[in-house]
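What follows is a single structure, written as structure tokens, with notes after it.
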Amino acid sequence: TWEWYKEKLERPKKLNDLLYLIGRDRFVERFVKNPSVQFTDSEELLLEIEEKRIQTYINRKAEEMWRTTLKGKDREYQIGVVFADQCISQVGNRLAEDNPDLDFICIFNIPKSISLRGIKDDIHLGKDVAELFEGGGGHPKASGIPINSEEVKRLILKFINDVFEVKRK
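Counting in the numbering used here, the sequence shown runs from 1079 upward without gaps.
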């Protein structure tokens, strides 16, 4: 859960990161052998490397993000758009916090989904935005929309053909 984030607690986040890094079986084995939540030197090193990797990735996504306007049901939204296939929630939350002028962040994880992340209390991303799309929904500040992979393939093929058509002229 993201309780660690709201409460600014490091240990639950690090435990979650360790689970991700070493896998469920090793994680369970480790805590059966040693139930202490004090990390070993090796675990601390792994976690430090992973945190640097995550921050580097998020910083790169911040540089790649662009801004645009999205017309909603009842209003226009100023949004940030970025492509990401890792750390989706962390990318979205950081970009939303760093860009409070934006209404929300739209993260494309092609060909799987579009994730929406925001920090504003006057927008319910699930009801106001994601539910407008087939299969979309979620929470006030985190929601998602499934991507139709066949439609994405069609758009990419159209783009490729358009690019080569322009080059041939």
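Heads up, the beta-carbon is just placed ideally off N, CA and C, and yes, glycines get one too.
Following the DSSP letters along the chain, one finds residue 1191 inside the beta strand (DSSP E) bounded by residues 1191-1195.
Within the same chain, Cβ atoms closer than 6 Å to the Cβ of residue 1160 are found at 1139, 1142, 1143, 1185, the five residues on either side in sequence being excluded.
Taking the Cα positions, residue 1113 is about 28 Å away from residue 1168. Across the structure, residue 1123 and residue 1201 are spaced so that their CA atoms are roughly 40 Å apart. For residue 1150, the three-state secondary structure derived from DSSP is coil. Secondary structure note for residue 1170: it is in no beta strand (DSSP E), and the uninterrupted alpha helix (DSSP H) holding it is 1166-1176. Straight-line spacing of the CA atoms in residue 1157 and residue 1165 works out to 19 Å.
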